[in-house]
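Undergrad:
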Amino acid sequence: MKKIVILLFVFASVFTSAQKFEDLAQTPPMGWNSWNKFACDVNEKMLMQMADVIVESGMRDAGYEYIVVDDCWHGERDSLGFIHENPEHFPSGIKALTDYIHSKGLKFGIYSCAGNTTCAGRPGSRGHEYQDALTYAQWGVDYLKYDWCDTDGLNAEAAYTTMRDALYSAGRPILFSMCEWGGNKPWEWGTDVGHMWRTTGDIYDCFDCEYSHGSWSSWGVMKILDMQKGIRTYAGPGHWNDPDMLEVGNGGMTVNEDRAHFSMWCMLAAPLIAGNDLTSMSEETLEILTNADAIAIDQDALGIQGFKFSAEDSVETWFKPLENGDWAVCFLNRSSKPAKIDFDWKTKVYDDFSKHDLSAEKTVYKVFDVWTKKNLGNTKRSLKEEVPGHDVLMLRLSKN
Ligand code: GLA
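Have a look at this one:
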């Protein structure tokens, strides 16, 4: 009898103990988020339009799946503490918006914050975690971005774990995107808590600048890239480093710079969350965002984050092991002037972490240019190319 009681107890605790939803985000999440372009100017009509364009433009078919409303969708909490949407900007209600987005074959994401208020001063989830998780589940939400403003006295791991548990108890699989900015090293404890975690402060729409807001700064693409050092081993299927959302097409960078930004995010196996106005994007922007070969590098099933192999003058050489023994290689030219590349494929490239090695001594790989779609021969001969300023040469090496 005693044994049975103990067994029952063990079973009960196994089946009721909270955890994160597994099986979500086996490859880096892809979607669109309102913040980078629209900030607090969000409403149901605009979000429905974005959903329409994601489908019409071919972005959905390219892999973009989540439409995420960031800060400022909120109205007030009612007398029982339940959160409601802003009735002027969301007159049909979030549930109707979610239904619309689902009807387009897409998923819907929402935003909250671990603190008392969000970064834009709207109601945060502190003390309301279970209530909010229940509300999101009832609305049919599929993704939660959870921010870190106004969190004095909170322990990050505990606060994010509370929301994870709340989401799990609510029962609807919701991808949990932790937006803690890297201060508490979420890569060290985030694997069992969320599906992705921000590694830095906010991105800014420039190639290599720092934009000061007074007490804090936002960072250009190169600055963010440099901040990813030393954390690649923490990423993998179901748990990704998130260097923040894309600025592609937002006008602060040239087409070359946007291409370099997108390519490097693919090399990092980063979540690809577009943040531009899709209704007015240029052909070049759409071409960058939907480049199937670049996306395939980001979404590769091995889920191995790429690494910087070398830096010579202005050119960095990055490698990323892919399925079936393929490799992605990206030459990033950080200078505004063109740079010549001369790379001998016989150079020893070995990834200590994944134990993959590029064995051009033994294997002949075909070399394919991901952006021009040209075949550049094979790895028997050295690569001699020129990379424009603030741009990349991104290649896929394949055995077949
Ligand atoms: C923080 C986040 C941003 C965005 C804003 C919203 O700054 O890092 O990504 O969500 O808050 O207020």
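Be aware that the sequence shown starts at 6, since it is given in our numbering, and climbs by one per residue.
Cβ coordinates follow ideal geometry from the N, Cα and C atoms, glycine included.
Just so we're clear, the structure is a prediction, and the values are computed from it rather than from any experiment.
(1) Is Tyr116 a contact residue of ligand 1, with contact defined as CB to any heavy atom under 8 Å?
(2) Indicate the three-state DSSP secondary structure (helix, strand or coil) for Val375 in the structure shown.
(3) Measuring CB atoms only, is the stretch 231–244 touching the stretch 254–265, in the sense that at least three cross pairs come out at less than 8 Å?
(4) Which value, in whole angstroms, describes the spacing of the CA atoms of Trp245 and Ala275?
(5) Of all the alpha helix (DSSP H) runs that stay within the bounds of the stretch 167–210, which reach a length of 4 or more residues?
(6) Measuring alpha carbon to alpha carbon, tell me which residue in Asn383, Phe373, Val146 and Ser403 is nearest Leu327.
(7) Let me know if Gly311 comes out buried or exposed under the rule of 16 or more other beta-carbons within 10 Å of its beta-carbon.
(8) Give me the Cα-Cα distance between Val58 and Gln136, rounded to the nearest whole angstrom.
(9) Taking Cβ to Cβ, would you say Gly257 is nearer than 9 Å to Asp207?
(10) Between Leu398, Val74, Thr32 and Met35, which has its C-alpha nearest Phe336's C-alpha?
(11) Any heavy atom of ligand 1 closer than 8 Å to the Cβ of Trp40?
(12) Within the stretch 101–148, note down every full alpha helix (DSSP H) run reaching 4 residues or more, in order along the chain.
(13) Ordered along the chain, which non-local residues of its own chain (more than five positions away) have a Cβ less than 7 Å from that of Asp298?
(14) Going by C-alpha distance, which of Ile106, His89, Val334 and Asp155 is nearest Leu139?
(15) Would you say the beta carbon of Trp202 comes nearer than 8 Å to a heavy atom of ligand 1?
(16) Report buried or exposed for Asp152, applying the criterion of at least 16 other Cβ atoms within 10 angstroms of its Cβ.
(17) Roughly how many angstroms lie between the CA atoms of Lys325 and Trp270, to the nearest whole one?
(18) Once you ignore the five residues that flank Asp362 on each side, which residues in its own chain have a CB closer than 6 Å to its CB?
TA: So, from the data block:
(1) Position 111 of the sequence shown, counting from 1, holds the residue named residue 116. Because some heavy atom of ligand 1 lies under 8 Å away, the Cβ of Tyr116 counts as near it: yes.
(2) Here the question's residue 375 lines up with position 370 in the sequence shown. Coil at Val375, not helix or strand.
(3) no
(4) Locating residue 245 in the sequence shown gives position 240, where the first residue counts as 1. Locating residue 275 in the sequence shown gives position 270, where the first residue counts as 1. Rounded to whole angstroms, Trp245 to Ala275 spans 7 Å at the Cα level.
(5) 191–194
(6) As a working note, residue 327 is residue 322 in the sequence shown. Per the Cα distances, Ser403.
(7) Within the sequence shown, residue 311 is the residue found at index 306, counting from 1. Buried: at least 16 other Cβ atoms inside 10 Å.
(8) Position 53 of the sequence shown holds residue 58. Position 131 of the sequence shown holds residue 136. Computed Cα separation, rounded: 33 Å.
(9) Taking the sequence shown and counting its residues from 1, the one referred to as residue 257 is at position 252. Taking the sequence shown and counting its residues from 1, the one referred to as residue 207 is at position 202. Going by C-beta atoms, Gly257 is not nearer than 9 Å to Asp207.
(10) As a first step, residue 336 must be located in the sequence shown, where it is residue number 331. Closest option to Phe336, Cα to Cα, is Leu398.
(11) The residue given as residue 40 occupies position 35 in the sequence shown. At least one heavy atom of ligand 1 is nearer than 8 Å to the Cβ of Trp40, so yes.
(12) 134–144
(13) If you number the sequence shown from 1, residue 298 lands on position 293. These residues qualify, in order along the chain: Val375 and Arg401.
(14) Position 134 of the sequence shown, counted from the first residue, corresponds to residue 139. The candidate whose alpha carbon is nearest that of Leu139 is His89.
(15) By 1-based counting over the sequence shown, the position of residue 202 is 197. Not under cutoff, so the answer is no.
(16) For the purposes of this step, residue 152 is taken as residue 147 along the sequence shown, with counting starting at 1. The residue in question, Asp152, is buried, as its Cβ has 16 or more Cβ neighbours within 10 Å.
(17) In the sequence shown, the residue the question calls residue 325 occupies position 320. In the sequence shown, the residue the question calls residue 270 occupies position 265. Those two C-alpha atoms are separated by around 12 Å.
(18) The residue given as residue 362 occupies position 357 in the sequence shown. Counting only Cβ-Cβ distances below 6 Å, and skipping sequence neighbours, we find Tyr355.
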